[in-house]
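Structure first, then comments.
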Amino acid sequence: MPRKILHLDLDAFFCAVEEQRDESLRGKPFAVGGQPDQRGVVASCSYAARKCGVRSAMPMGRALRLCPDLLIVSGHYSAYREASRKVMDILRQRTPLIEQVSIDEAFLDLSDLPEPVETLARHIQAEINTKLKLACSIGAAANKLVAKIATDAGKAASLKSSGTPHPPNAITVVPPGEEAAFLVPLPAQALWGVGPKTAERLAELGIHTIGDLASLPQADLVRRFGKHGAELSRHARGMDDSPIITEHEAKSISNETTFTKDVKDPEQLRKTLRQLSEGVGCQLRKSGLRGRTVKLKLRWSDFTTLTRQTTLPEPSDLNEQIYTAALGLFEQTWKPTRPVRLLGVGVSHFEAPPARQLSLWDAAPTADRQRLQQALDELQERYGKNAIRRGVK
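Every letter in the sequence shown is one number past the one before it in this note's numbering, and letter 230, counting from 1, is 230.
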């Protein structure tokens, strides 16, 4: 039996939550993000703003030039996380087979439910609309690839037909056996695995739509693109057997910041590096992980980006060990007085900590540091992050 796969995407999610917080924003062009004089970027924008050409990930300065009346709203990310949790709770009432792709996007496998997939999609959409006052678009198909493309195509068609700056709240169903026909007129870049460079190469071959791609023999695509060519051929025909992945194992934990103005003061850079390291250490301990590899990320004022990494003698989740390693990389890489635009710290190559309690009489230096770190974590958890801080000479 064909699978029943849904792809759900919350429409302009951050903006929808902001409109609930402030109803005066409804229907107006606004964007969630940072201020233009602080290198702000558009995290999300209303559909009224999109009609002016504003898009997510666009520099806020450019967004204002396109839309002089644009209102800028600072993000309330705790509110977004809470709204997302409520949406996922509604989905989990239907099935545990949920793959949350991001804060506003998920796949569901509803193959075990008897109702038609369109009926299931409409019930889920109606519940999210009614209970949470959030709009969402849904694509339904026999696989993840086509369901995702169906969502995007449905949203685009709804916005084009309505001509109004309102969320599409669309539902698009691709019946089993009709995947290839549905994909034929769509642009090649709608497929997974077709990024700008691949699209450029395809255009050079006269391939602009998924139908054009599907018409090529698989052997020809393999000759031109290697193993990726075989995947392109299958996807162009609507074939995809990828499963719903209910859990994703973290491969790295990182923390970075972009300065509002380029920084070349060494003390400020070291202080920021320590704060970033502390944030990574905290995330590692909450996740029950320790990592062997510490990575430093540096971006100069001309946007040149460097990454450097080092391997620790043993896996660690301790702030000081992470900071010491990151600082060593920084001192090796940074040239004094050279302005820094972005600074980041990451840890990878994880191992779970040993399943044992440290003895109070364990005098090993690492054990002492771990007990101290645990005590600091407990104090900060109870009284706030600023309750106790490391002194700086």
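In this text, a Cβ means the ideal position worked out from N, Cα and C, and glycines have one as well.
Straight-line Cα distance separating residue j from residue i
| i | j | result |
| --- | --- | --- |
| D11 | I128 | 12 Å |
| S74 | D37 | 14 Å |
| A363 | S102 | Its pLDDT being 44, under 50, A363 is placed unreliably by the model, and nothing is read from it. |
| L6 | V87 | 14 Å |
| S24 | K4 | 39 Å |
| A190 | G281 | 38 Å |
| T130 | T119 | 16 Å |
| R356 | E256 | At R356, the pLDDT of 41 sits below 50, so the modelled position is not reliable and the matter cannot be decided from this model. |
| A49 | F107 | 28 Å |
| V146 | I98 | 17 Å |
| T304 | K197 | 21 Å |
| A156 | H123 | 22 Å |
Residue closest to residue i, alpha-carbon to alpha-carbon, out of the options
| i | options | result |
| --- | --- | --- |
| E82 | S74, H235 and F13 | F13 |
| V42 | L66, R21 and Q20 | L66 |
| P2 | P59, E256, V117 and R94 | V117 |
| A180 | D22, G27, G238 and E105 | G238 |
| D22 | G40, A79 and K51 | A79 |
| L134 | S111, G154, K155 and D104 | D104 |
| V17 | L284, R92 and L132 | L132 |
Cβ-Cβ distance between residue i and residue j below 7 Å
| i | j | result |
| --- | --- | --- |
| R292 | T311 | yes |
| A230 | V222 | yes |
| S137 | P185 | no |
| F182 | V173 | no |
| S44 | V54 | no |
| I322 | S254 | no |
| C15 | S46 | yes |
| D240 | K144 | yes |
| A140 | S158 | no |
| V345 | A326 | yes |
Residue i, enclosing beta strand (DSSP E) - first and last residue
| i | result |
| --- | --- |
| A31 | F30 to G33 |
| G291 | R290 to W300 |
| P313 | T305 to S316 |
| N169 | Where N169 is concerned, there is no enclosing beta strand (DSSP E), given that its DSSP letter is neither H nor E. |
| H7 | I5 to L10 |
| C45 | V42 to C45 |
Continuous alpha helix (DSSP H) stretch holding residue i: start and end
| i | result |
| --- | --- |
| H349 | Counting along the chain, H349 falls outside any alpha helix (DSSP H), though it belongs to the beta strand (DSSP E) covering V340 to E351. |
| P196 | P196 to E204 |
| I210 | I210 to A214 |
| A141 | It is not in any alpha helix (DSSP H) - A141 instead sits in the beta strand (DSSP E) that spans C136 to A141. |
Minimum Cβ-Cβ distance from residue i to chain B less than 7 Å
| i | result |
| --- | --- |
| E256 | No chain B is present in this structure, which holds just one protein chain. |
Sufficient close CB pairs (3 or more, under 8 Å) joining the region 321–338 to the region 295–309: yes
For the region 313–321 against the region 335–343, do three or more pairs of beta-carbon atoms, one drawn from each stretch, fall closer than 8 Å, so that the two count as touching? no
Measuring CB atoms only, is the region 245–253 touching the region 261–273, in the sense that at least three cross pairs come out at less than 8 Å? no
Check whether the region 197–207 touches the region 155–165, counting contact only when three or more Cβ pairs, one atom from each stretch, lie closer than 8 Å. no
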